[in-house]
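Engineer:
There are 2 protein chains.
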Amino acid sequence: MKYIEKLRNSGLRPTKQRLQICEVLFDAEKTFHFTINDLANKIKKQLNNKISLATIYNTVHAFEKKGYLKQIPINSNQTYFDTNISDHHHFYDLKEEKLIDLENSDVGPINILKKIEGKKIKSVEVLVKLED
Amino acid sequence: MKYIEKLRNSGLRPTKQRLQICEVLFDAEKTFHFTINDLANKIKKQLNNKISLATIYNTVHAFEKKGYLKQIPINSNQTYFDTNISDHHHFYDLKEEKLIDLENSDVGPINILKKIEGKKIKSVEVLVKLED
DNA sequence: ACACTTTTTTAGAATGGTTATAAACTAGAC
DNA sequence: GTCTAGTTTATAACCATTCTAAAAAAGTGT
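Laid out in structure tokens, this is it:
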């Protein structure tokens, strides 16, 4: 299993559940956006196997903390995650309620001129809302 | 009352509650960020007067729809609103969990190169996360 | 001022995503 | 195998938000 090492290196025990979640998240052809609920359904269908919701929450948060997933800043009743952890941005189609990736090169350089004493910039995220 | 006209022009009846909420939101010296809970407390303290939570939710959403308030896209368990409706962005201090305004001129022009067929750009919002 | 209609307010219940709990289980170390 | 700390699980708890239905207020016409 190729994820055993990855988990161990992060200080996470490679349990059956975590390895299965890794498969679903990181073996996909393309990166994707998901909510916890989306992921639970995907797991059930794809692995024909139920993992407790609590475990899915725990694991997703653990992976996010380790930098294997990113949360997408958007106002919604659910939290959206992204398996694409590269520096990039998002379109949000308000009508379809769908997220679309925007490569960094689609946005051009962003230069933050204001500085805050004693603080470093951790990330710069752009959300472009779309209407018809 | 200066807000009666404003409300009427928006097709909203100028009720006592809506006028009071207008006062708290729009008579402030500076624009500010708030959650519904913040606002409820501010109303209670500032006006010495309780307005039902349901009314506050209704009113804030009505004002947002009319463009008198903006939602701030950020991942939090609560929804953040902004009385500053000008085109601008935000720092988010992860440690203090505090939002700071970023004027448009602090960010420089953002040019979205990718186009989506049949969709118009409604807004471009930048969130800059800060760490120590 | 009054009657009538529509909108608004309200308290409290319901909803639903997320987190906490505590008991059963598992991985890793010796 | 035994032990310990970490993990999983079902379920309960939490809490921001929305719904509900009844009372109150606003607007309109008379």
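Those sequence lines, one after another, are chains A and B.
Just so you know, we're using the working numbering here: the first sequence kicks off at 1298 and counts up by one.
Just so you know, we're using the working numbering here: the second sequence kicks off at 1298 and counts up by one.
Yeah, the Cβ is synthetic: ideal placement off N, Cα and C, and Gly gets one too.
#1: With DSSP run on the structure shown, which of helix, strand or coil describes ILE1301 (chain B)?
#2: What whole-angstrom Cβ distance do ILE1397 (chain B) and ILE1413 (chain A) have, given they're in contact under 8 Å?
#3: Based on the DSSP secondary-structure assignment, which residues constitute the bridge partners of VAL1425 (chain A)?
#4: Compare the beta carbon distance of LEU1391 (chain A) and LEU1427 (chain A) with 8 Å and say whether it is the shorter of the two.
#5: What number of angstroms, rounded off, separates the C-alpha of PRO1370 (chain B) from the C-alpha of GLU1394 (chain B)?
#6: Terminal residues of the continuous alpha helix (DSSP H) containing GLU1320 (chain A)?
#7: Could you say if the stretch 1352–1363 of chain A and the stretch 1347–1366 of chain B meet the contact criterion of at least three C-beta pairs nearer than 8 Å?
#8: Could you check if ALA1337 (chain B) belongs to the surroundings of the ligand PLP, using beta carbon to heavy atom distance under 7 Å?
#9: With distances taken from CA atoms, which of A:HIS1386, A:HIS1358 and A:GLY1415 is nearest GLU1452 (chain B)?
#10: On the CB-based measure, 16 or more other CB atoms within 10 Å of its CB, does ASP1324 (chain B) come out buried or exposed?
#11: Does any residue of chain B have a CB that is nearer than 8 Å to the CB of PHE1360 (chain A)?
#12: Return the Cβ separation of ILE1382 (chain B) and ILE1353 (chain B) in integer angstroms, given the expectation that the two are a contact with Cβ distance under 8 Å.
#13: Can you list the residues of chain B that GLU1394 (chain A) reaches, using a CB-CB cut of under 9 Å?
#14: According to the neighbour-count rule (16 or more other Cβ atoms, all chains shown, within 10 Å of its Cβ), is ASP1379 (chain A) buried or exposed?
Structural biologist: Inspection of the coordinates gives the following:
#1: Translated into positions along the second sequence, residue 1301 (chain B) becomes position 4. Helix.
#2: Position 100 of the second sequence, counting from 1, holds the residue named residue 1397 (chain B). Position 116 of the first sequence, counting from 1, holds the residue named residue 1413 (chain A). Indeed, because the Cβ distance is near 7 Å, the residues count as touching under 8 Å.
#3: Looking up residue 1425 (chain A) in the first sequence gives position 128. For VAL1425 (chain A), which the question treats as bridged, DSSP gives the partners A:PHE1388 and B:VAL1421.
#4: If you number the first sequence from 1, residue 1391 (chain A) lands on position 94. If you number the first sequence from 1, residue 1427 (chain A) lands on position 130. Yes, the pair counts as a contact, with Cβ atoms nearer than the cut-off.
#5: The count along the second sequence starts at 1 and reaches residue 1370 (chain B) at position 73. The count along the second sequence starts at 1 and reaches residue 1394 (chain B) at position 97. Each residue's Cα considered, the two are about 14 Å apart.
#6: For the purposes of this step, residue 1320 (chain A) is taken as the residue at position 23 of the first sequence. GLU1320 (chain A) -> alpha helix (DSSP H) spans 1313–1323.
#7: no
#8: The model depicted lacks the ligand PLP and carries no ligand whatsoever.
#9: The requested residue 1452 (chain B) is not part of the displayed model; chain B covers only 1298 to 1429.
#10: The count along the second sequence starts at 1 and reaches residue 1324 (chain B) at position 27. Result: exposed.
#11: As a working mapping, residue 1360 (chain A) is identified with position 63 in the first sequence. Taking Cβ atoms only, chain B never reaches closer than 8 Å to PHE1360 (chain A), which makes this a no.
#12: Residue numbering aside, residue 1382 (chain B) sits at position 85 when the second sequence is read from its first letter. Residue numbering aside, residue 1353 (chain B) sits at position 56 when the second sequence is read from its first letter. Their Cβ separation, rounded to whole angstroms, is 19 Å, which puts ILE1382 (chain B) and ILE1353 (chain B) out of contact at 8 Å.
#13: Mapped onto the first sequence, residue 1394 (chain A) falls at position 97. None at all; the shortest Cβ gap to chain B is about 13 Å.
#14: The residue you call residue 1379 (chain A) lines up with position 82 of the first sequence. ASP1379 (chain A) is buried by the Cβ-count criterion.
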